[in-house]
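Take a look at the structure below.
Residue numbers (my numbering): 6 to 511.
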């Protein structure tokens with residue numbers, strides 16, 4: 006037995022190597038056509054193999070005579086190509102590198118798949134077979150298909166703006182018949198603009214979630230909406246035409262989801278980074294082709310159901326006017342900085358009764374935690390919004406000689422309030438770890454407000470004068486000087502016209 010086993014091992018080691026080929030088709034005489042070593046060959050099939058089990062594109066094991074002796078699987082590596090057009094169930098035109106085109110054969114596993122223009126496919130360059138549909142990572146990375154779990158009730162201080170966006174987005178989808186009766190067309194897009202940190206992105210996420218919930222209630226079945234979150238700068242590509250192609254793919258994807266009769270929100274964050282006014286480029290003019298591509302896609306949305314385009318920007322003055330005209334981004338909603346009432350609403354979103362509050366605070370209100378929180382928030386807002394000397398931030402001088410003092414309240418935002426509450430929580434936690442009283446106190450909140458202000462002392466160093474004018478409410482006057490009123494090192498006036506033009510901090 007050992008000799009027999011040894012002889013079998015020797016025979017295996019002495020056997021000639023097997024060649025692999027790719028199955029193409031069967032002939033009438035029972036032979037098959039294969040692709041082997043770069044040649045199309047007509048060969049015989051081993052009697053134990055049934056030709057019905059072989060599929061186009063499948064790999065086959067060949068013997069010395071190149072006859073088929075065994076069936077294998079499919080190639081798992083190759084070139085990534087982009088589908089341009091499907092000619093028939095078996096052939097498709099694909100784009101290779103440098104826009105080179107080639108006709109490929111669709112392998113059997115792919116013939117059952119739903120293919121569309123722009124799909125990324127795996128191609129075996131030797132046989133020309135298209136074997137697998139690949140995920141489009143460059144677009145998938147930019148989108149968040151699941152609707153964010155954010156509701157309007159989680160957004161504080163923006164009741165008027167939320168009502169406006171509900172009217173613009175929800176009514177056309179919930180009452181489509183009434184819109185048709187009044188010969189009204191739904192808006193194609195919404196622009197949310199205003200200072201950073203005031204809730205533009207948060208509102209856009211809530212739109213998709215709320216719209217899906219409303220439609221689910223009306224239909225009596227669970228409807229899952231889609232939120233395509235497009236991070237503007239990530240679309241930019243150094244190769245000519247690539248950014249435009251990605252924009253086209255985004256809207257193709259939106260159209261697919263919309264055809265499933267579900268709401269689709271296409272959200273362009275930081276819109277000014279991608280769709281600047283044409284002709285304003287200093288070192289490049291990429292916007293001259295990117296802007297028209299978006300205009301064409303938005304105009305194409307007209308025939309679609311369930312698609313809404315939302316743009317967000319804190320520099321709406323940089324966006325091309327053609328995008329903002331009626332018929333494209335029809336509804337424009339300004340997200341203001343929070344006033345005292347809005348700030349109180351925002352504070353209450355982050356400072357709730359399930360967060361530890363110091364016993365010294367609740368004791369003053371006979372153990373009523375909600376009243377204690379209300380009092381603490383009131384003291385924090387007073388510290389933030391008072392016109393005291395310590396809250397004076399800077400003095401601006403206009404071209405006509407007028408001067409105006411701006412306070413820290415002129416730079417408040419929802420994000421700043423969230424940061425204040427987070428700082429207060431950390432202060433309370435560190436005190437408790439060190440053996441002190443447990444829970445947040447009023448002093449923690451006021452200290453957090455002061456620390457937040459102190460971090461913003463250097464804000465004027467990176468701000469364009471036009472931004473100060475918009476904040477001060479005097480858009481017609483040009484600011485020529487900024488005099489910081491905080492800090493020891495910033496007492497001299499500076500010519501802000503030489504400051505770096507970023508504009509993103511306000």
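Quick reminder that beta carbons are idealized off the backbone N, C-alpha and C, glycines included.
Whose C-alpha, out of the options, is nearest the C-alpha of residue i?
i	options	result
residue 196	320, 86 and 122	320
residue 411	180, 489, 228 and 277	489
residue 258	278, 110, 234 and 35	234
residue 398	279, 389 and 109	389
residue 82	139, 276 and 155	139
residue 94	104, 105 and 116	116
residue 176	133, 203, 223 and 131	223
residue 35	46, 29, 41 and 50	50
residue 213	409, 268 and 8	268
residue 333	359, 451 and 296	296
residue 402	166, 483, 428 and 154	483
residue 1	459, 60, 217 and 104	Nothing about residue 1 can be reported from this structure: the residues present for the chain run from 6 to 511 only.
residue 344	359, 428 and 414	414
residue 167	61, 134, 225 and 215	215
residue 420	261, 76, 120 and 202	202
residue 428	449, 409, 439 and 440	449
residue 444	361, 400 and 394	361
residue 134	253, 80 and 59	80
residue 486	404, 15, 439 and 433	404
residue 113	156, 58 and 84	58
residue 328	350, 346 and 303	303
residue 301	227, 363, 331 and 253	253
Excluding the 5 residues preceding and the 5 following residue i in the sequence, name in chain order all residues of the same chain whose CB lies nearer than 7 Å to its CB.
i	result
residue 339	198 and 199
residue 173	192, 195 and 336
residue 276	237, 316, 317, 318 and 324
residue 18	none
residue 436	442
residue 149	A caution first: residue 149 carries a pLDDT of 47, below 50, which makes its placement in the model unreliable, though a value can still be read off. Same-chain partners within the cutoff: 232 and 234.
residue 54	73 and 76
residue 451	384, 385 and 388
residue 8	none
residue 178	216, 220, 268 and 311
residue 294	249
For residue i, list the residues DSSP reports as bridge partners.
i	result
residue 402	408 and 486
residue 339	198
residue 138	126
residue 99	88 and 107
residue 316	196 and 273
residue 445	362
residue 324	281
residue 64	27
residue 304	DSSP output for residue 304 lists no bridge partner at all.
residue 93	96
residue 73	50 and 67
Give every residue of the same chain whose Cβ lies closer than 8 Å to the Cβ of residue i, excluding the five residues on either side of it in the sequence, and list them in chain order.
i	result
residue 271	233, 235, 255, 256, 259, 312, 313, 314 and 315
residue 6	none
residue 348	162, 386, 389, 390, 417 and 422
residue 122	88, 89, 90 and 257
residue 67	23, 24, 25, 26, 39, 41, 48, 73 and 74
residue 11	none
Can you list, in chain order, the residues of its chain whose CB lies under 6 Å from that of residue i, leaving out five sequence neighbours each side?
i	result
residue 425	453, 454 and 457
residue 132	27 and 40
residue 86	99, 101, 126 and 128
residue 137	127
residue 479	Bear in mind that the predicted position of residue 479 carries a pLDDT of just 44, short of 50, making it unreliable; the figure below should be weighed with that in mind. Result list for residue 479: empty, nothing under 6 Å.
residue 241	248
residue 262	231 and 269
- Message: Under 8 Å, with one C-beta from each stretch per pair, do the segment 207 to 216 and the segment 240 to 249 reach the 3-pair mark?
- Response: no
- Query: Do the segment 74 to 91 and the segment 99 to 109 meet, that is, are 3 or more Cβ pairs less than 8 Å apart?
  - Reply: With the rule of 3 Cβ pairs closer than 8 Å, the segment 74 to 91 counts as touching the segment 99 to 109.
- Message: Check whether the segment 369 to 381 and the segment 158 to 167 are in contact - that is, three or more C-beta pairs closer than 8 Å.
- Response: Contact check between the segment 369 to 381 and the segment 158 to 167: fewer than three CB pairs, one atom from each, fall below 8 Å, which does not count as touching.
- Item | Inter-stretch contact at 8 Å, needing at least 3 Cβ pairs: the segment 341 to 360 / the segment 161 to 178 | yes
- Message: I'd like to know if the segment 171 to 185 and the segment 122 to 132 are in contact, where contact means that at least 3 CB-CB pairs between them fall below 8 Å.
- Response: Cβ pair count under 8 Å is below three, so no.
- Message: List, from N- to C-terminal side, the beta strand (DSSP E) runs of 3 residues or more that fit wholly inside the segment 23 to 61.
- Response: 24 to 31, 37 to 41 and 44 to 48
- Query: For the segment 63 to 83 against the segment 22 to 39, are there 3 or more C-beta pairs whose distance is under 8 Å?
  - Reply: yes
- Message: Going residue by residue through the segment 344 to 425, where are the continuous alpha helix (DSSP H) segments of at least 4 residues, counting only ones entirely within it?
- Response: 345 to 355, 364 to 368 and 374 to 390
- Run through the segment 211 to 286 for me and flag every whole beta strand (DSSP E) of 3 or more residues, listed as ranges in chain order. 231 to 236 and 269 to 274
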